[in-house]
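Q:
Set out below in structure tokens:
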């Protein structure tokens, strides 16, 4: 079982695979309307729905729970997801980055540290060439996280009013290339 660690504000956060016993903490994440809107899913209405969503994350090799070792609490998720090319096939050596964090832990550097660590894992251990990510334009915190990790915006799309995700909002698309090197990707400041 692969485990990674990152440090934010002098507190360590462990990145580890999700397990079924994470359901209660996962429910705290996926029932939150603000988190769901930013991540593009419908909030869970109860623990059973959260368990269904969690089950889809179990066993995915690039998806990690963010756990505070001091308490054992899962405070978020960060993962690498298959990216499709224009032909609907998996893009070679590229993945999409996705993340969400319990609102209680926002603005404390946990997700910034986790994104830096998963980025290092993606480029150094998985030998990926490109990571992509997106966020809605009003989500300033996500924009800052991505920019601190050296991601550059390469596109923006305004969704139609009838869209299921981001209706009427602009989605910003970011990329980060392994060829740019760690030193040029980020200043590594923790926010």
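In my numbering, the protein residues as written are 13 to 203. Cβ atoms here follow ideal geometry from the backbone N, Cα and C, with glycine treated the same way.
#1: How many whole angstroms separate the CB atoms of residue 128 and residue 153, which I take to be in contact at a CB cut-off of 8 Å?
#2: Residue range of the alpha helix (DSSP H) that residue 136 falls in?
#3: By how many angstroms is the C-alpha of residue 99 removed from the C-alpha of residue 84?
#4: In whole angstroms, give me the CA-to-CA distance for residue 59 and residue 134.
#5: Between residue 77 and residue 108, is the Cβ-Cβ spacing less than 9 Å?
#6: For residue 69, I'd like the list of residues in its chain whose CB is within less than 6 Å of its CB, leaving aside the five on either flank, ordered along the chain.
#7: Could you pull the DSSP bridge partners for residue 76 from this structure?
A: Considering the structure as presented:
#1: By one-based count along the chain shown, residue 128 stands at place 116. By one-based count along the chain shown, residue 153 stands at place 141. Not quite, the Cβ-Cβ distance comes to about 15 Å (not below 8 Å), so this is no contact.
#2: The residue you call residue 136 lines up with position 124 of the chain shown. Unbroken run through residue 136: none, as it is neither H nor E.
#3: To locate residue 84, count along the chain shown from 1; it is residue 72. To locate residue 99, count along the chain shown from 1; it is residue 87. Taking the straight line from one Cα to the other gives about 42 Å.
#4: Within the chain shown, numbered from 1, the residue matching residue 59 stands at position 47. Within the chain shown, numbered from 1, the residue matching residue 134 stands at position 122. Cα-Cα distance, rounded: 32 Å.
#5: By 1-based counting over the chain shown, the position of residue 77 is 65. By 1-based counting over the chain shown, the position of residue 108 is 96. Against a cut-off of 9 Å, the Cβ pair of residue 108 and residue 77 comes out as no contact.
#6: Counting from 1 along the chain shown, the entry for residue 69 is found at position 57. 30, 75.
#7: Counting from one through the chain shown, the residue named residue 76 turns up at place 64. Per DSSP, 90.
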